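Visitor:
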Amino acid sequence: MLLRQLLALKVILRGSLIDRFKRCGQPGCKCARGIGHGPKVYLSVSMRKGRPVMVYVPQEHRSQVEQFVANYRRTRQVLDEVAAINLELLRRREPID
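Here our numbering is used: the sequence shown runs in plain steps of one and ends on residue 123.
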């Protein structure tokens with residue numbers, strides 16, 4: 027049953043969606059005095075080495091990317107459940123198939 031749940035999660039993305047406000051740099055622009063232009067949506071992905079990678083997500087793709095990030099979290103949950111089951115089988119000295 028758990029493995030079927032994994033198969034149903036076709037597309038996964040690791041990371042977090044964040045809203046960013048940017049300043050354009052023009053001295054007379056309202057963004058120089060206020061909160062900035064935006065919000066613009068970015069997927070922030072922590073890499074093993076170095077700084078996080080920020081990937082722009084167009085507004086029309088936001089809900090889809092949110093679902094893909096949720097799929098990643100669900101994948102991690104299912105794998106944790108499978109690992110816990112396998113650990114219990116190992117403790118009981120039962121075969122792990």
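Ideal Cβ placement from N, Cα and C applies to all residues, glycine included. Given the structure is predicted, the values throughout are model-derived calculations rather than measurements.
#1: Rounded to whole angstroms, what is the Cα-Cα separation between residue 116 and residue 109?
#2: Could you pull out every residue in the same chain whose Cβ sits closer than 7 angstroms to the Cβ of residue 79, ignoring the five residues on either side in sequence?
#3: Counting along the chain, where does the alpha helix (DSSP H) carrying residue 111 start and finish?
#4: Please classify residue 76 as buried or exposed, where buried requires at least 16 other C-beta atoms within 10 Å of its C-beta.
#5: What are the start and end residues of the beta strand (DSSP E) that includes residue 46?
#6: Roughly how many angstroms lie between the CA atoms of residue 33 and residue 93, to the nearest whole one?
#7: For residue 80, which residues does DSSP report across the bridge?
#8: Using a Cβ-Cβ cut-off of 7 angstroms (strictly less than) and excluding sequence neighbours within five positions of residue 112, which residues of its own chain qualify?
#9: Verify whether the separation of the beta carbon atoms of residue 69 and residue 91 is less than 8 angstroms.
Guide: A quick look at the data gives this:
#1: C-alpha separation (whole angstroms): 10 angstroms.
#2: Take residue 79, set aside five residues on each side of it, and the residues of its chain with a beta-carbon closer than 7 angstroms to its own are 71, 73, in chain order.
#3: 88 to 117
#4: By the 10 Å Cβ count, residue 76 comes out exposed.
#5: 42 to 48
#6: 15 angstroms
#7: 70
#8: 122
#9: yes
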